[in-house]
Amino acid sequence: LMLLLINTMQRDLGSSNFLETCAALSAITQLVNSEMIPAILPLVTKLLTHPQDAVRKKAIICIQHFFRLSPDSVADDVQQDVRRALCDPDPAVMGASLNLLRDIIRSDSESCKDLVPSLVNILKQIIEHRLPREFDYHRMPAPWLQVNLVNLLGMLGEGDQ
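Quick note: the sequence shown uses the numbering used here, first residue 49, plus one each step.
Right, dumping it as structure tokens:
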């Protein structure tokens with residue numbers, strides 16, 4: 049049964065229909081356990097370059113799920129993926145990558161200290177209203193992203209003088 053599930057997920061992840069791919073990514077966060085990660089991770093990582101922003105966002109969420117299940121099995125691959133996702137042109141993908149980055153910082157903050165200038169730059173762009181209006185809340189530019197970024201900067205600066 050497990051083999052059938054993995055094969056079905058692999059087929060759906062490779063589908064040309066982005067809705068099937070999104071459905072597979074949503075199912076992965078509910079069905080995959082740590083033993084299945086090696087079979088699914090390469091396909092999910094490949095979807096980080098998908099033309100549809102919804103697919104990229106769900107792929108980041110899947111990788112975060114994998115990281116929470118088994119940090120050791122995805123730790124090496126995740127660092128570069130998060131760095132690329134932080135620079136994604138779609139703010140929703142970038143926001144999803146901030147949640148994954150929070151988990152990485154909790155496990156190893158030293159490896160992410162070099163991201164401080166990038167995070168400050170993202171925060172500056174948000175404050176300068178460079179994001180689409182749909183991310184504003186009562187004319188405040190993306191307040192949840194601002195809070196998330198300030199929180200991450202605090203975590204990275206913890207212990208520094």
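Just so it is clear, CB atoms sit at the ideal spot from N, CA and C, and this is done for glycine as well.
By DSSP, does residue i sit in helix, in strand, or in coil?
i: D136; result: coil
i: P180; result: coil
i: M84; result: coil
i: P189; result: strand
i: S155; result: helix
i: H113; result: helix
i: N65; result: coil
i: G205; result: helix
i: Q100; result: coil
i: L49; result: coil
With 16 as the cutoff for other CB atoms within 10 Å, does residue i come out buried or exposed?
i: K161; result: exposed
i: C110; result: buried
i: R178; result: exposed
i: L52; result: exposed
i: G143; result: buried
i: Q128; result: exposed
i: M33; result: Residue 33 falls outside the range modelled here, since the chain spans only 49 to 209, and no answer is possible.
Between residue i and residue j, what straight-line distance do the alpha-carbon atoms span, to the nearest angstrom?
i: E68; j: S74; result: 10 Å
i: L167; j: D156; result: 17 Å
i: F115; j: I170; result: 24 Å
i: L200; j: T77; result: 24 Å
i: K105; j: L197; result: 18 Å
i: S64; j: L146; result: 28 Å
i: I85; j: D60; result: 16 Å
i: P119; j: L204; result: 19 Å
i: I152; j: L49; result: 32 Å
i: L91; j: L163; result: 26 Å
i: N55; j: L89; result: 13 Å
i: Q183; j: Q173; result: Correcting the residue type first, residue 183 is Phe in the shown sequence and not Gln. Computed Cα separation, rounded: 12 Å.
i: A133; j: L96; result: 8 Å
i: V126; j: E158; result: 15 Å
i: G62; j: C70; result: 11 Å
i: V195; j: Q58; result: 36 Å
i: P99; j: A107; result: 12 Å
i: R131; j: R181; result: 25 Å
If I measure Cβ to Cβ from residue i and keep anything under 7 Å in the same chain, skipping five residues before and after, which residues do I get?
i: L79; result: L53
i: A140; result: D101 and K105
Please go through the same chain and pick out, in chain order, the residues whose beta-carbon is closer than 6 Å to the beta-carbon of residue i, but skip the five residues on each side of it.
i: D136; result: M142
i: P165; result: none
i: S82; result: L117 and S118
i: S121; result: I85
Here's a check: name, in chain order, each residue in its chain whose Cβ is nearer than 8 Å to the Cβ of residue i, leaving out the five neighbours to either side.
i: D138; result: D101, R104 and K105
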